[in-house]
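Chains as they are written, first to last, in our numbering: chain A, 2 to 114; chain B, 9 to 122.
Written out below as structure tokens is the structure these notes cover.
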Amino acid sequence: KAGVTQTPRYLIKTRGQQVTLSCSPISGHRSVSWYQQTPGQGLQFLFEYFSETQRNKGNFPGRFSGRQFSNSRSEMNVSTLELGDSALYLCASSLALTPGELFFGEGSRLTVL
Amino acid sequence: QQQVKQSPQSLIVQKGGISIINCAYENTAFDYFPWYQQFPGKGPALLIAIRPDVSEKKEGRFTISFNKSAKQFSLHIMDSQPGDSATYFCAASSGSGNTGKLIFGQGTTLQVKP
């Protein structure tokens, strides 16, 4: 069974630009969550989507948004990029049966210059 | 109240030794406590998890000890091996409507010396 696939793996943007990251969950998983990982703040929850609906949202500004498609694939978007948005963005999928039983992708490494 | 505090930040253990990582939480609504292991360049992977109705769970060389009254839980890695060298995160979640939302500790970088 294929794991969680995230694209692109690496990208460099400049301040003020926007970025879209993509996530393909494990087949059959209907829940997709996004996390931001930085050395200073660690792993922080961004949002969770289940059956195309946002079910939970973390404490991030409105510049961070996401969506889920009918095939459970998800995208997250960050607009008006700031230097502090440089991070590893991780997508995780789950069957949504057991809280916290997540399967993570390898992440998209975003560098904002 | 949403925090999970993890210690130590880094840990060096000799091969064959016991690695112990501790976590503490405040929110009594948390009802699921997983541990994740992350290798460089990879995403975190679920290692072992426990619910607050049990005090200990063991899977191979990995054991979670849980103290509900103290609101603390810990990961013990017995017979630590160089291949266990990774970053370990404790986490907590609450409620069936939060299956994808985890509150993570800050992480512990474990180095097992041969």
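All C-beta atoms, glycine included, are put in the ideal place defined by N, C-alpha and C.
Treat the numbers as computed from the prediction; the structure is a model and nothing was measured.
Short check: CB of residue i to CB of residue j, under 8 Å?
i, j, result
"F46 of chain A", "L110 of chain B", "yes"
"S82 of chain B", "I29 of chain B", "yes"
"Q14 of chain B", "G113 of chain B", "yes"
"S71 of chain A", "E53 of chain A", "yes"
"S66 of chain A", "G108 of chain B", "no"
"A88 of chain A", "T15 of chain A", "no"
"P60 of chain B", "F74 of chain B", "yes"
"I56 of chain B", "F70 of chain B", "yes"
"K76 of chain B", "E34 of chain B", "no"
"R64 of chain A", "V79 of chain A", "yes"
"A97 of chain A", "Y36 of chain A", "no"
"G108 of chain A", "L84 of chain A", "no"
In terms of DSSP beta bridges, what is residue i paired with?
i, result
"P42 of chain B", "B:A57"
"L22 of chain A", "A:M77"
"T15 of chain A", "T15 of chain A pairs with nothing; no bridge assigned."
"N106 of chain B", "Answer by DSSP bridge pairing: none, since N106 of chain B is not bridged."
"S15 of chain B", "B:N30"
"S101 of chain B", "B:Y40"
"F104 of chain A", "A:S94"
Could you check where the beta strand (DSSP E) with residue i kicks off and where it finishes?
i, result
"T6 of chain A", "T6 to T8"
"Q119 of chain B", "T116 to K121"
"T112 of chain A", "S109 to V113"
"S34 of chain A", "S32 to T39"
"I26 of chain B", "From DSSP, I26 of chain B is part of no beta strand (DSSP E); its letter is neither H nor E."
"R56 of chain A", "T54 to K58"
"L44 of chain A", "G43 to F51"
"Q10 of chain B", "Segment: none, Q10 of chain B is in no beta strand (DSSP E) and carries neither H nor E."
"L91 of chain A", "A88 to S95"
"R68 of chain A", "F65 to Q69"
For the putative contact between residue i and residue j, defined by C-beta atoms under 8 Å, what is the C-beta separation to the nearest angstrom?
i, j, result
"I13 of chain A", "T112 of chain A", "5 Å"
"V33 of chain A", "F104 of chain A", "The pair is not a contact, with the Cβ atoms about 10 Å apart (cut-off 8 Å)."
"P100 of chain A", "G103 of chain B", "7 Å"
"Q17 of chain B", "T116 of chain B", "6 Å"
"K23 of chain B", "Q119 of chain B", "11 Å between Cβ atoms; not a contact."
"R74 of chain A", "R10 of chain A", "In fact, because the Cβ distance is near 17 Å, the residues do not count as touching under 8 Å."
"T8 of chain A", "S23 of chain A", "5 Å"
"R31 of chain A", "F51 of chain A", "6 Å"
"S27 of chain B", "I72 of chain B", "13 Å between Cβ atoms; not a contact."
Uninterrupted alpha helix (DSSP H) stretches inside the region 46-99 of chain B (no shorter than 4 residues): Those alpha helix (DSSP H) runs which fall completely within the region 46-99 of chain B and span 4+ residues do not exist here.
The region 96-110 of chain B: positions lying closer than 9 Å to chain D by Cβ: Among the protein chains of the structure shown, namely A and B, there is no chain D.
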